[in-house]
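Residue numbers for the sequence shown follow the working numbering, beginning at 283 and rising by one.
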Amino acid sequence: MFESLSDRLSATLRKLGGRGVLRTEDVDAALRDVRMALLEADVNYRVVKQFVERVRSRMVGAEVSQSLTPTQQVIKVVHEELVQLLGGNDRGLTYADRPPTVVLLAGLQGSGKTTTAVKLAHLARGEGHRPMVVALDLRRPAAVEQLRVLAERERIAFHTGRESPEAIAREALAAAAREDCDLVVLDTAGRHVAEAELMEEIRRIRDAIPVTESFLVADAMTGQDAVTVGAAFHEAVGIDGVILTKLDGDARGGAALSLKFATGQTVRFAGVGEKVGDLEVFRADRMASRILGMGDVLTLIERAERVVDRQEAQRVEKHLRAGHLTFDDFLVQLRQLRNMGSFQNVLEMLPGAGQLKGQLEDADPEAEIRKMEAIILSMTRAERARPEIIDGSRRRRIAAGSGTRVTDVNRLLKAREQMQLMARQLGLGGGAGRRRPRLGRLFGA
Ligand SMILES: Nc1nc2c(ncn2[C@@H]2O[C@H](COP(=O)(O)OP(=O)(O)OP(=O)(O)O)[C@@H](O)[C@H]2O)c(=O)[nH]1
Ligand SMILES: [Mg+2]
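What follows is the structure, encoded as structure tokens:
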């Protein structure tokens, strides 16, 4: 199970209470933790090495800020460096000055090209454009069908053909002009490995038509391989950006860093599910938090705000800010989880939820939520407001009342504590509605 960087560092730097200057040995110890955390997040080892050196040069002899603990200090530096390395950009698609905009998607087999083609088209349509998707995978008729079906379902213009991929691409531009489409998304064939024949095919497409941007579509789970694959594609085709898919899964997102390192290009979009709307413009600050295992408090609050009744949201936030999370708050959050889509997905974003997730891995999340709800509903009003009064005999009563076991009750108590602790460590603050600055402030200052 993943351990967040802050968990690691807290253990390492606990003894280092005093303020002053970070000594070399403290820095070394901290950097070992940083290194492990990055490797566990699936960042390529060569990238880790470089990265750690960068952080070291910033940290040795650095003044420890008055307002930060050493742990916070290290996390702040690492987080900042990560954000910088990942490349801060919130820009979505770049549209050509003279339409049509042509986007080419390339990548290994199963990386998510076809799905992403439709997601991009959907996103562009939301921005007022008229997209067309084009199937260029001629070796597998099923691949063409897959794109056709997805496009039809979304009522997106579709084009394919029988000749060479570059011929189809040319025809597609003519078709786009006829059908008044101003964005053409090219879905290319995939291979198991980045082999020469595939690269040649993509190069020919690229040379045949004016491509606005080429994206490498990469599976977030590729982790360590990302460097090799990214470099091969970049060298052969010259990519303009990366789309990282399947970030709704277990991957900690280290591939984002590795790909940036290998190609010099930033991740531009993140695929976060199989549905057509599950594509987000990539945000470096969020990815950095994810890689560090800090949980994405920001996204969670944003999402919660959309669903939760505002007053309840404000109450929960107020309590979190005060470092005290009641079970009534917890219940609100649990109920929101249900409405917020994939349970695992949401869980991932909760600070300190790594452990909770581990416990739930084999369980049916829905059933597990119902169980937690039952436990909370079996508590008295006082117990919900002040969980610290729940002693052994109360636990037994609650377990009996909710038809669960005492271990279940204990687990829930632990989860609440964990969440409260993380909220405190992160110094979760800021008023409702304010977004960006908050993450920066999570680390104090
Ligand atoms: N969970 C999740 N699944 C995804 C995501 N993107 C793609 N997938 C799934 O990954 C599988 C492969 O996606 P495709 O879009 O067919 O991949 P491809 O790159 O076109 O594959 P080839 O055409 O065989 O090279 C499908 O089952 C998709 O639903 C994502 O962001 N999250
Ligand atoms: Mg495909």
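We put the beta carbon where it would ideally sit given N, CA and C, even for glycine.
Can you tell me whether THR398 sits near ligand 1, meaning its C-beta is under 7 Å from at least one heavy atom of the ligand?
Start at 1 with the first residue of the sequence shown, and residue 398 comes out as number 116. Checking every heavy atom of ligand 1 against the Cβ of THR398, one is found closer than 7 Å.
Please classify HIS474 as buried or exposed, where buried requires at least 16 neighbouring CB atoms within 10 angstroms.
Residue numbering aside, residue 474 sits at position 192 when the sequence shown is read from its first letter. Flag for HIS474 reads exposed.
PRO492 and VAL385 - do their beta-carbons sit closer together than 8 Å?
Translated into the one-based positions of the sequence shown, residue 385 becomes position 103. Translated into the one-based positions of the sequence shown, residue 492 becomes position 210. For VAL385 and PRO492, no; Cβs fall outside 8 Å.
Specify, as a first and last residue, the run of the alpha helix (DSSP H) that HIS516 falls within.
Along the sequence shown, read from residue 1 onward, the residue named residue 516 stands at position 234. Unbroken alpha helix (DSSP H) run through HIS516: 508-519.
Sorted by chain position, which residues of the same chain lie with C-beta nearer than 7 Å to MET661's C-beta, five sequence neighbours on each side aside?
As a position in the sequence shown, residue 661 is number 379, starting the count at 1. The residues are PHE609 and ILE680.
Following the continuous alpha helix (DSSP H) through ASP310, name the residue where it begins and the one where it ends.
As a working mapping, residue 310 is identified with position 28 in the sequence shown. Counted as a single uninterrupted DSSP element, the alpha helix (DSSP H) harbouring ASP310 occupies residues 306-322.
Closer than 7 Å to a non-hydrogen atom of ligand 2 - does that hold for the CB of GLN267?
Residue 267 falls outside the range modelled here, since the chain spans only 283 to 727, and no answer is possible.
Taking the C-alpha atoms as reference points, what is the distance between ILE450 and PHE543?
Here residue 450 refers to the residue found at position 168 of the sequence shown. Here residue 543 refers to the residue found at position 261 of the sequence shown. Each residue's Cα considered, the two are about 33 Å apart.
For GLY394, count neighbouring Cβ atoms within 10 angstroms of its own Cβ and tell me buried if that reaches 16, exposed if not.
Numbered from its first residue, the sequence shown carries residue 394 at position 112. Answer is buried; the Cβ neighbour count reaches 16.
Assign ASP690 to one of two classes, buried (16 or more other C-beta atoms within 10 Å of its C-beta) or exposed (fewer than that).
Along the sequence shown, read from residue 1 onward, the residue named residue 690 stands at position 408. It counts as buried.
Taking 8 Å as the cut-off, decide whether the C-beta atoms of ALA476 and ALA514 are in contact.
Counting from 1 along the sequence shown, the entry for residue 476 is found at position 194. Counting from 1 along the sequence shown, the entry for residue 514 is found at position 232. Yes, the Cβ-Cβ distance between ALA476 and ALA514 is below 8 Å.
Exposed or buried, LEU529, counting other C-beta atoms within 10 Å across all chains shown (16 or more means buried)?
The sequence position of residue 529 within the sequence shown is 247, counting from 1. When all chains shown are included, LEU529 counts as buried.
Please report the Cβ distance between ARG338 and VAL309, rounded to the nearest whole angstrom; I am assuming they are in contact, meaning their Cβ atoms lie under 8 Å.
Translated into the one-based positions of the sequence shown, residue 338 becomes position 56. Translated into the one-based positions of the sequence shown, residue 309 becomes position 27. Confirmed, Cβ separation roughly 6 Å.
PRO254 classed as buried or exposed, judged by whether at least 16 other C-beta atoms fall within 10 angstroms
As shown, the chain starts at 283 and ends at 727. That puts residue 254 outside it, with no answer to give.
Cβ-heavy atom distance, GLN428 to ligand 3, below 7 Å
With respect to small molecules bound, the structure shown includes ligand 1 and ligand 2 and not ligand 3.
Would you report the Cα separation of LEU580 and ARG693, rounded to the nearest angstrom?
Translated into the one-based positions of the sequence shown, residue 580 becomes position 298. Translated into the one-based positions of the sequence shown, residue 693 becomes position 411. Summary for LEU580: the model assigns pLDDT 43, below 50, so the residue's position carries little reliability; its value from the coordinates is reported in the next sentence. Cα-Cα distance, rounded: 25 Å.
Among GLU453, LEU313, THR545 and GLN506, nearest to SER496 - alpha-carbon criterion:
Along the sequence shown, one-based indexing puts residue 496 at 214. The residue with the shortest Cα to Cα distance from SER496 is THR545.
6 Å Cβ shell around LEU320 - same chain, five flanking residues per side excluded:
Residue 320 sits at position 38 when you count from the first residue of the sequence shown. VAL330.
GLN506 and GLY523 look like a contact to me (Cβ under 8 Å); what is the Cβ gap, rounded to whole Å?
Stepping through the sequence shown from its first residue, residue 506 is reached at position 224. Stepping through the sequence shown from its first residue, residue 523 is reached at position 241. Contact between GLN506 and GLY523 is ruled out by a C-beta separation of about 21 Å, above the 8 Å threshold.
Residues bridged to ASP469 by DSSP?
Mapped onto the sequence shown, residue 469 falls at position 187. Answer is LEU387 and ALA417.
Can you pull the DSSP bridge partners for GLY553?
Residue 553 sits at position 271 when you count from the first residue of the sequence shown. BP columns for GLY553 point to LEU561.
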